[in-house]
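Trainee:
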Amino acid sequence: DTEVTQTPKHLVMGMTNKKSLKCEQHMGHRAMYWYKQKAKKPPELMFVYSYEKLSINESVPSRFSPECPNSSLLNLHLHALQPEDSALYLCASSRLAGPDTQYFGPGTRLTVL
Amino acid sequence: AQSVSQHNHHVILSEAASLELGCNYSYGGTVNLFWYVQYPGQHLQLLLKYFSGDPLVKGIKGFEAEFIKSKFSFNLRKPSVQWSDTAEYFCAVNAQGGTSYGKLTFGQGTILTVQP
Chain A
1 DTEVTQTPKH
11 LVMGMTNKKS
21 LKCEQHMGHR
31 AMYWYKQKAK
41 KPPELMFVYS
51 YEKLSINESV
61 PSRFSPECPN
71 SSLLNLHLHA
81 LQPEDSALYL
91 CASSRLAGPD
101 TQYFGPGTRL
111 TVL
Chain B
1001 AQSVSQHNHH
1011 VILSEAASLE
1021 LGCNYSYGGT
1031 VNLFWYVQYP
1041 GQHLQLLLKY
1051 FSGDPLVKGI
1061 KGFEAEFIKS
1071 KFSFNLRKPS
1081 VQWSDTAEYF
1091 CAVNAQGGTS
1101 YGKLTFGQGT
1111 ILTVQP
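Residue numbers (our numbering), protein chains in the order written: chain A, 1 to 113; chain B, 1001 to 1116.
1) Which two residues bound the contiguous beta strand (DSSP E) that contains B/H1118?
2) How long is the line joining the alpha carbons of A/K53 and A/R30, rounded to whole angstroms?
3) Residues of chain A with CB closer than 9 Å to the CB of B/F1090, please, in chain order.
4) By the 10 Å Cβ neighbour count, where 16 or more other Cβ atoms means buried, how is B/D1054 classified, buried or exposed?
5) Would you call the CB atoms of A/Q121 and A/S93 closer than 7 Å?
6) Kindly indicate which residue of B/V1081, B/V1057 and B/P1116 has the alpha-carbon position closest to the one of B/A1017.
7) Could you give the distance in angstroms between the alpha-carbon of A/S72 and the alpha-carbon of A/C23?
8) Any residues in the region 1087–1114 of chain B with a beta carbon nearer than 7 Å to a beta carbon of chain A? Which ones, in chain order?
9) Taking the alpha carbon of B/G1041 as the reference point, which residue from B/A1087, B/C1091 and B/S1003 has its own alpha carbon closest?
10) Please identify the residue among B/F1106, B/A1092 and B/L1013 whose C-alpha is closest to the C-alpha of B/P1116.
11) Roughly how many angstroms separate the alpha carbons of A/F104 and A/G28, rounded to a whole number?
12) Say yes only if the C-beta of B/S1080 is nearer than 6 Å to one or more non-hydrogen atoms of the ligand FMN, and no if none qualify.
13) Figure out for me which residue from A/T16, A/Y49, A/K40 and A/V60 has the closest Cα to the Cα of A/N91.
14) Are the C-beta atoms of B/L1044 and some chain A residue less than 7 Å apart?
15) Relative to the C-alpha of A/G14, which candidate in A/P43, A/S86 and A/D100 has its C-alpha closest?
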């Protein structure tokens, strides 16, 4: 089973709202990732967690706050977003951090009004 | 830093035609190479990958890719496409070391439309 699940599927929020995106995998993977995908563009890496610790932050604005409560869960907390943050947010996991194969979830379609 | 270039933005083929999608990468070190596919309304799925060994790798659904190190290329091929192959295809690289270690970088994607 190579399934990564994400909730919610769709999210609409105002610029003053606080919301969270959730990601879960039960493959025993120890690395988890957040990507942002704008329309007609490839996914762009945001954060990497390895063994529940943040290992890579690709200079993402602080209005995006990741959290890895345990080895199966990954959250992305959102606060004071801008309309240009509207995108598909993808979660992925891999057995280990590094150049290993990443498996992607279906994404959360975020719209910021 | 690594980068990936896919030659075609949109390819239109008739069923049973042969497919080749170009992918070139730029990186000074050793990389792992991937092709992902995104069917309409579905999530990114791994099509095939190359880590080491035989440079000709086979993936799911009859796809294959060849790694040519001297050309920094990893082109995707399929002898006979089907309507169900209509999707967007992404080439991606991940460095085995250096400052890009662990950072999966995608090409711009190629939209394949197969006409019945």
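Here a beta-carbon is modelled for each residue, glycine too, at the ideal position from N, C-alpha and C.
Mentor: In terms of the structure at hand:
1) Shown here, chain B extends from 1001 to 1116; a query on residue 1118 of chain B therefore has no answer.
2) 10 Å
3) P42 and P43
4) exposed
5) Given that chain A is displayed from residue 1 to residue 113, the structure contains no residue 121 of chain A and the question cannot be resolved.
6) B/V1081
7) 8 Å
8) F1090, N1094, A1095, Q1096, Y1101, G1102, K1103, L1104, F1106, G1107, Q1108 and G1109
9) B/A1087
10) B/L1013
11) 15 Å
12) By its list of ligands, the structure shown contains no ligand whatsoever, and the ligand FMN lies outside what it can speak to.
13) Note on identity: in this sequence residue 91 of chain A is Cys, with Asn being the wrong assignment. Ranking the options by Cα distance to A/C91, first place goes to A/Y49.
14) yes
15) A/S86
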